[in-house]
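Right, one structure below, let's go through it.
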Amino acid sequence: MSINHKIRNLYQPVQPTVTKSGGSVVYEEFLPNLYLQQFIYCYWELKTTRKIQEGFSYKVVSDGCIDILFEINKPQNVFVAGFCRKYTEYELEAVFHYVGIRFLPTMFPQIFKVAADELSNKFQNLDDFVPKTAQFISNSFHHSLSMEEIIAKFDYYFATLISEIAFNYDNRLYNAMDLILKNFGVLNIEKDINVGISPRQLQRLFNYYIGDNPKTFSKVVQFQNILKAKPSLQSLKKNKLFYDVGYYDQSHFIKDFKTFYGVTPSRAFQR
């Protein structure tokens with residue numbers, strides 16, 4: 207099994223589906239072709255099904271990934287959203303149709319040779335970093351394309367691009383990631399990760415390929431593991447979930463969760 211496939215098998219980042227919009231806003235994820243699934247986690251679509259009276263506030267939770275995104279009606283404006291150490295909220299217009307590509311951790315820097323920490327906690331023009339891909343999107347997409355046609359264009363473009371890339375699979379980085387993912391982010395970075403380099407060297411690798419240090423990435427993985435579990439309010443109260451996911455007290459659990467999600471666990475998992 208390749209390193210890329212191992213990451214995908216161990217880590218499936220969650221973006222909570224749109225709720226409380228009365229069906230006027232929909233979010234959906236789509237798999238790339240089988241070859242690309244080791245590099246790209248998903249393509250996604252976020253759109254209105256009808257005009258919203260007062261616009262829409264869309265919240266993106268921390269997921270450890272880097273995304274390319276654009277409005278299908280304005281493909282000349284293409285953006286890249288880097289690794290975020292806290293949730294991000296976007297105020298959208300009354301009508302919108304966004305399309306995006308979510309790359310698995312480490313894959314954007316591998317494919318585009320751009321340091322992930324240059325993008326961290328930022329939302330920037332893709333043209334400033336990867337002008338060829340920004341130009342491809344600007345020239346290739348328009349509002350009359352179906353999602354199937356969009357996916358086919360992405361698949362062809364990225365399969366061609368990636369086939370020409372020499373990847374740098376530094377075992378020190380990927381062995382450390384393997385430990386973090388297999389332990390769901392619950393480990394002592396300095397004591398439990400021994401991959402033959404100093405903590406400072408490991409931090410440099412994580413900054414370049416992930417966008418932040420190993421500790422922050424571990425916390426995001428820990429948070430994502432909570433989302434994947436989909437606990438109910440009852441289980442949050444009775445089962446002391448914060449102990450199960452590596453927290454020693456409820457206050458730190460709630461604080462970290464709110465940083466990554468924007469609301470408390472009880473608000474997030476309301477049924």
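Sequential numbering of the sequence shown, starting at 207, is according to my numbering.
Heads up, the beta-carbon is just placed ideally off N, CA and C, and yes, glycines get one too.
Just so it is clear, the structure is predicted and the values come from calculations on it, not from any experiment.
| Item | Value |
| --- | --- |
| C-alpha gap between residue 384 and residue 213, whole angstroms | 7 angstroms |
| Helix, strand or coil at residue 273 according to DSSP, with G and I counted as helix | strand |
| Contact under 8 angstroms by Cβ, residue 245 with residue 351 | no |
| Backbone secondary structure at residue 379 - three-state DSSP | helix |
| Length of the line joining the Cα atoms of residue 224 and residue 464 | 18 angstroms |
| Residue 250 and residue 306 closer than 8 angstroms at C-beta | yes |
| Short Cβ contact (8 angstroms threshold) for residue 437 with residue 475 | yes |
| Beta-carbon proximity list for residue 428, same chain, < 7 angstroms, skipping 5 on both sides | 390, 391, 392, 451, 452 |
| Stretch-stretch touch, CB-based, cutoff 8 angstroms, three pairs: the region 311–324 with the region 404–415 | yes |
| Terminal residues of the beta strand (DSSP E) in which residue 287 lies | 284–287 |
| For residue 294 and residue 266, believed in contact at Cβ under 8 angstroms, the rounded distance | 5 angstroms |
| Reference residue 234; option with closest CA among 472, 326, 470, 354 | 354 |
| Reference residue 261, options 422, 357, 281, 301, closest by Cα | 301 |
| Range of the contiguous beta strand (DSSP E) that encloses residue 301 | Here residue 301 belongs to no beta strand (DSSP E), and DSSP marks it neither H nor E. |
| CA nearest to the CA of residue 258, picked from 298, 404, 333 | 298 |
| Where residue 260 falls: helix, strand or coil (DSSP) | coil |
| Alpha-carbon spacing of residue 424 relative to residue 409, whole angstroms | 12 angstroms |
| Segments of 3+ residues assigned as beta strand (DSSP E) that fall wholly inside the region 308–384 | 329–331 |
| Between the CA atoms of residue 396 and residue 364 - distance to the nearest angstrom | 37 angstroms |
| Nearest neighbour of residue 433, chosen from 401, 473, 304 [CA to CA] | 473 |
| CB of residue 218 within 8 angstroms of CB of residue 285, strictly | no |
| Exposure of residue 256, with buried meaning 16 or more beta-carbon neighbours within 10 Å | exposed |
| Cβ-Cβ separation, residue 426 to residue 269 (assumed contact under 8 angstroms), whole Å | 7 angstroms |
| Exposed unless 16 or more other CB atoms sit within 10 angstroms - verdict on residue 247 | buried |
| Same chain only: Cβ atoms within 6 angstroms of residue 303, ignoring 5 sequence neighbours per side | 253, 278 |
| Nearest neighbour of residue 275, chosen from 339, 368, 406 [CA to CA] | 339 |
| Counterpart residues of residue 252 in DSSP-defined beta bridges | 233, 304 |
| Contacting residues, own chain, Cβ-Cβ under 8 angstroms from residue 150 (five flanking each side not counted) | Since the first residue shown for the chain is 207 and the last is 477, residue 150 is missing from the structure and cannot be characterised. |
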